[in-house]
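Following: one structure in structure tokens, then a few remarks.
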Amino acid sequence: MDIARKCPPVLTVIVILSLIAALSIRGLELDLSLLFSTDFLKQILSYFYDLYPPDLSGGFLREALVASVETLAISIMGTFFALIIAIVFTPFAIRAMSVGGGLSGERGIKSSLLRSAVVFISRMILNLLRSIPELIWAIIFILVVGLGPFAGVLALALHTGGVLGKLYADVLENVDPGPVESIAATGAGRMKIFFYGILPQALPQCLSYTLYRWEMNIRGAAILGFVGAGGIGLLFYKSISLFHTDRVLTLIIIVFIMVNLVDNLSLYLRKRLL
Amino acid sequence: MQKKVPSYPFVAHPQSRYDSTLKGLLILGALLILGGSYEISEIDISLLWSEEGASGARDFLFGLYPPEYSREFLSFVIKPTLNTLYIAILGTLLGVFIAIPLSLLATSSLMHRGIFASDKADTALKRLLRIAPFILARGLLNLFRSIPELIWALIFVRAVGLGPLAGVLALGVAYAGVLGKLYSEILDSVDPKPIEALHASGATKMKVVLYGYVPLALPDLTSYTLYRWECGIRAAVVLGFVGAGGIGQELELSMRMFDYHEVATLLIILCLLVGMADMISGWLRRRIV
Amino acid sequence: MDIIVNNLQKGFGGAPVIKDVSLTVKEGERVAIIGPNGSGKTTLLRLLNLMIFPDQGSIELAGKKVNGLGVKEARTVRRGIATIYQSHNLIPRFKVINNVLAGKLGSWPTSKALFSLLIKPLEEAGVREVLEKTELEDKIYWRTDRLSGGQQQRVAIARALFQNPNLLLADEPFASLDPRSGEKLIRILLGWSQQKNKTLIVTLHHLEFALAHFPRIIALKNGMVFFDLPTGQVTPEHLQQLYGDSYQGV
């Protein structure tokens, strides 16, 4: 393959991107002159300027801290249940482990057809869970379990469960086959092959992905409150809607600190794992 | 004779009391955190099987069928669907524009480490001044990245009014944070040898970036940007929930009206849109890498 | 364990890798299998340890026909066969003891296997005994990836011995080691076979090893037995014909 085909000329790319951008701007009926008018810029800047100073009164601070602890709890439980969902689905989504898979030792066309079907269906379910954003899951679960953090936990769990299930399946399918064969050669059965041959190779990567998704979920949990599924999002929604701009800044600071704490903790844990 | 390999302190004496106590404490801590989180998030699994819960789920699930497919509705949702696509494209492009300068400033090998570091012993103040833009850029990127795009959207809706512009700005700012951090990490990890060669030939910093860093890192940079655009579609859908237009706004309206037939159609469109973005960006990325 | 192989044939889609192999190995024999790359050595070993099944022909182990066995029965037979691989195929993150214990997985119930892995390694004394033979006793609780390549291959040998098999197969076990370490390891395997009167079959790249240590040599070429002779009768002409132009002499 020649480089020219792989890497089209810069000018072409810029022209294509500009065309796409122009099309999008037209489609959205955006008034670009607005962006460069001084009034408009002033309006935005004054909005951000008005955020200062933050509301640091004891009452609100306490409320915000309680909400952020709830956010943290939702993110942890959401990730935890996602882990369980992923663990339940993953074995069916892997060719070698699934019904009639190589490790069960069954041979023949019938079992291989059944296996393909089971793998396909499991992958489709995981895809569906993954495609629907957590916020939409949250609205659906509010219909089922009512307003509150539990709906948020379920929402994060389903979306993240889909993501993790796919990631786990990919990792487990790509382990080095050598050790797996050497365990199978001792006469071990499917379960023992999995625990002694496959899982120990895949575990660090799986745990690392799980921690990474937890980082994503702390951000996810912070917005679930917009639709009433618990956490600090509700305070955000209220403060912005009621023009409590000073409170908005407080909340931004709190979310910033919380997200950074989780990011760094998870980064530290992931580095230790690998 | 064998080489002597230093042993792992934790593994060499697995049965030591220190190790098992630490392990126990860690497990206890993890259990406490899980238990506490369980309490705080008001989890009540039985709700899922309770009369109300089950009927709520049933109403929703059965309400979905059949999806609304009247010609009127279908022709109506074309525009919001396109708008979501447009918001994702413009938001990602804006993110790239903001990310490029910030990521250059936030790349340590371009700023104060490696070949561009001066050997002269500067005064503390001078050194600080040289590092300041780096720290500032990193901090800004971190701020952009830490605040979820939906919160940015909520803020921008207040600042510039309801509509897609707020969505584009929110996505742009949030993705500038994500992309900027990624870009600077990628730039920091390019092969230093060609860079040094360029520098040694007397190229200015700007030229080293254009002829060294950019070509070396371009495949990774484009690949990650495409991946972000893919995520941007999903994000753009959600942004509609706070009034940034697009398919999310329709979804929110239909949900609020309990018109589940419309919800079903919109969810199908969403899955198709996400799947399509997956495919396009996957195809483009395979061609690049 | 006596091994009788008749007219074996095996392919993976394309041309058969094993075309027509028949051989008999008596209990307690020590056999080296040699042959150029692609001659079917590895496939023959995988057929013997029942990881794959022949397209045609039959394999008899200890007087029992084993091709066409069901899943469960095949597993039972595999328990009595230990295999050592060229790239040792250990789990890098496991402690040495867990990698050795994996040799007994065929006979352990799943519950015992999980207990040993998650709570506390079982049968430590037995593991120490085999590790003593491979001179790794002091590394029993080390993480396996902290060991050198030669040490890891010794762990793989310890695992095979721990399995206490009736037949030990080794697929170019010393290919990635320097000759001196290889020499040492081959003595461990030969000593075990001699002492317990158990069958040992090793595929070898190093001709010197094969000629120096094994009483019988089977040469494979293009999926067929090229010669099957006591070591004393193998002449340089044989080897020249076996390896063609690439043969440099021993």
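Residue numbers (the numbering used here), protein chains in the order written: chain B, 1 to 274; chain C, 1001 to 1289; chain S, 2001 to 2250.
We put the beta carbon where it would ideally sit given N, CA and C, even for glycine.
Backbone secondary structure at residue 217 of chain B - three-state DSSP
helix
Please report how far the alpha carbon of residue 194 of chain B lies from the alpha carbon of residue 1230 of chain C, in whole angstroms.
34 Å
Return the residue from the list C:1033, C:1075, C:1096, C:1042 that minimises the CA-CA distance to residue 14 of chain B.
C:1096
Measuring from the CB of residue 35 of chain B, is there a heavy atom of the ligand GTP at a distance below 8 Å?
You won't find the ligand GTP in this model; it holds no ligand whatsoever.
On a Cα-Cα basis, can you pick out the residue from B:37, B:251, B:263, B:155 that is closest to residue 62 of chain B?
B:251
Relative to the C-alpha of residue 92 of chain B, which residue among B:124, B:235, B:10, B:185 is closest?
B:124
Nearest neighbour of residue 277 of chain B, chosen from C:1041, C:1093, C:1047 [CA to CA]
Nothing in the structure corresponds to residue 277 of chain B, since chain B is present only between 1 and 274.
Using CA coordinates, which residue listed in S:2082, S:2165, S:2245, S:2061 is at the minimum distance from residue 184 of chain B?
S:2082
Residues of the region 144-165 of chain B whose Cβ lies closer than 8 Å to any Cβ of chain S, in chain order:
none
Between residue 201 of chain B and chain S, is the shortest Cβ-Cβ distance under 9 Å, so that the two count as touching?
yes
When B:135, B:58, B:264, B:81 are compared against residue 1240 of chain C, the one with the closest alpha-carbon
B:135
Against chain B, with Cβ distances strictly below 9 Å, would residue 1043 of chain C count as a contact?
yes
Supposed close pair residue 2080 of chain S, residue 2016 of chain S - CB separation, criterion 8 Å:
Their Cβ separation, rounded to whole angstroms, is 28 Å, which puts residue 2080 of chain S and residue 2016 of chain S out of contact at 8 Å.
Starting from residue 166 of chain B and walking both ways along the alpha helix (DSSP H), at which residues does that stretch end?
149-173
Look at residue 2084 of chain S and residue 2212 of chain S and say whether their C-beta atoms are less than 9 Å apart.
no
Among C:1194, C:1178, C:1197, C:1213, which residue has its Cα nearest to the Cα of residue 1188 of chain C?
C:1213
Could you work out which residues of chain C lie near residue 44 of chain B, taking near to mean beta carbons separated by less than 7 Å?
1159, 1160
Let me confirm a value: residue 1276 of chain C is counted as buried when at least 16 other C-beta atoms fall within 10 Å, else exposed. Which label applies?
exposed
Proximity to residue 235 of chain B [Cα-Cα], best of B:191, B:27, B:71:
B:71
For residue 101 of chain B, which three-state DSSP category applies?
For residue 101 of chain B, the predicted model reports a pLDDT of 48, less than 50, meaning its position is unreliable; a value from the coordinates is still stated below. Coil.
What is the DSSP secondary structure of residue 1206 of chain C, reduced to helix, strand or coil?
helix
C-alpha gap between residue 101 of chain B and residue 181 of chain B, whole angstroms
For residue 101 of chain B, the predicted model reports a pLDDT of 48, less than 50, meaning its position is unreliable and no value from the coordinates is stated.
At least 3 beta-carbon pairs within less than 8 Å: the region 1232-1251 of chain C vs the region 2015-2029 of chain S
no
Mind checking whether residue 1236 of chain C and residue 1099 of chain C have CB atoms under 9 Å apart?
no
Note down, in chain order, every chain B residue with its Cβ under 9 Å from the Cβ of residue 1147 of chain C.
219, 222, 252, 255, 256, 259
Is it the case that the Cβ atoms of residue 2047 of chain S and residue 2091 of chain S are separated by a distance below 9 Å?
no
Cα-Cα separation between residue 1238 of chain C and residue 1068 of chain C, rounded to whole angstroms
21 Å
Using the C-alpha atoms, what's the distance from residue 1222 of chain C back to residue 38 of chain B?
34 Å
If I follow the unbroken beta strand (DSSP E) through residue 2020 of chain S, where does it start and stop?
2016-2025
Counting contacts by CB-CB distance shorter than 9 Å, is residue 186 of chain B in contact with chain S?
yes
Per DSSP, what kind of secondary structure is residue 2056 of chain S in: helix, strand or coil?
strand
Restricting to Cα atoms, I'd like to know which of B:198, B:111, B:229 is closest to residue 152 of chain B.
B:229
Here's the rule I'm using: 16 or more other beta-carbon atoms within 10 Å means buried, otherwise exposed. How should residue 1153 of chain C be labelled?
buried
Where do the ends of the beta strand (DSSP E) carrying residue 2230 of chain S lie?
2224-2230
State the Cα-Cα distance for the pair residue 138 of chain B and residue 1180 of chain C, rounded to the nearest angstrom.
30 Å
Are the C-beta atoms of residue 52 of chain B and some chain S residue less than 9 Å apart?
no
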